[in-house]
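So the number in this note's numbering is just where the residue sits in the sequence shown, counting from 1, plus 58.
Idealized CB from N, CA, C, for every residue including glycine.
Everything on this sheet refers to the single structure shown next.
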Amino acid sequence: MSATVGPAALQLAAACQSSIERATMTGGCGRLRPVEATQLSGELTRVLVTKDQLAARIAELAAEIDRDYAGKELLLVGVLNGAVMVMADLSRALSIHCQMDWMAVSSYGSGSKSSGVVRILKDLSTDVTGMHVLLVEDIIDTGLTLSYLVTNLRYRRPASLKVLTVFRKPEAARNPVEIAYVGFDIPNEFVVGYGLDYDGLYRNLTSVGALSPSVYG
Ligand code: PRP
59 MSATVGPAAL
69 QLAAACQSSI
79 ERATMTGGCG
89 RLRPVEATQL
99 SGELTRVLVT
109 KDQLAARIAE
119 LAAEIDRDYA
129 GKELLLVGVL
139 NGAVMVMADL
149 SRALSIHCQM
159 DWMAVSSYGS
169 GSKSSGVVRI
179 LKDLSTDVTG
189 MHVLLVEDII
199 DTGLTLSYLV
209 TNLRYRRPAS
219 LKVLTVFRKP
229 EAARNPVEIA
239 YVGFDIPNEF
249 VVGYGLDYDG
259 LYRNLTSVGA
269 LSPSVYG
């Protein structure tokens with residue numbers, strides 16, 4: 059026996075279909091299109107790295123990692139929250155197998171600057187002893203968070219420990235921690251997008267731009 063569909067149900071289905079079509083065409087109420095930095099003309103002063111440039115650079119880094127870790131067991135450790143985007147894209151660009159795990163940390167300090175005193179909010183689920191660990195960050199600014207994390211992870215005796223960051227700011231160069239894979243060196247500006255936030259927002263921009271002082275000032 060099949061269920062009967064009455065006129066009211068058919069009207070409802072037609073209304074749903076046309077609202078899906080409208081949303082698809084306009085990027086309207088359903089918000090089906092990704093947030094493009096160019097749509098935020100008043101909030102960004104400029105776009106630093108486009109979606110295509112990000113994808114191309116991640117593909118290059120993945121190819122390097124494929125070569126460097128061939129025949130090894132790789133564990134990607136993403137630092138929440140900002141590294142979510144690069145973890146998703148990098149892991150899918152790799153040809154080798156990898157495991158993924160996450161840490162969440164909070165930096166004590168005033169304002170948006172790191173203090174170097176870091177509290178672990180979420181630790182790894184994996185015992186990394188004897189594993190090849192690649193720590194994945196969205197950005198290295200002062201480098202203080204990275205110093206803490208690298209010191210902490212070394213205590214756990216991984217077989218190797220390297221660092222990848224999508225963005226590196228100039229101050230990070232003063233930090234003694236070596237960064238094996240760098241996506242882009244960028245100037246000391248307040249950047250958002252591709253995981254980077256201001257006050258919890260802008261992480262879902264597909265490209266990366268400089269935030270206007272009118273937003274954060
Ligand atoms: C960012 C970034 C690094 C840290 C770098 O995290 O993901 O972990 O800051 O700063 P530093 O080099 O000056 O120490 P944030 O604290 O903004 O948290 P989020 O990833 O959740 O945005």
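For Asp-110, the enclosing alpha helix (DSSP H) begins and ends at 109 to 126.
In the DSSP assignment, His-190 is bridged to Leu-132, Ser-218. Remark: the shortest separation between the CB of Ala-230 and any heavy atom of the ligand PRP falls under 7 angstroms. At the C-beta level, Ser-265 and Val-107 come within 8 angstroms of one another. The residues Asp-124, Tyr-127, Ala-128, Leu-132, in chain order, have a CB closer than 7 angstroms to that of Ile-154 in the same chain once the five nearest residues on each side in sequence are set aside.
The ligand PRP approaches Glu-195 closely enough that one of its heavy atoms is under 7 angstroms from the residue's Cβ. Shown here, Ala-162 sits in a strand according to DSSP, grouped into three states.
At least one heavy atom of the ligand PRP is found less than 7 angstroms from the C-beta of Ile-198.
About 4 angstroms separates the beta carbon of Val-250 from that of Tyr-260, a gap short enough to meet the 8 angstroms contact definition.
The three-state reading of DSSP puts Ala-141 in coil, since its state is none of H, G, I, E or B.
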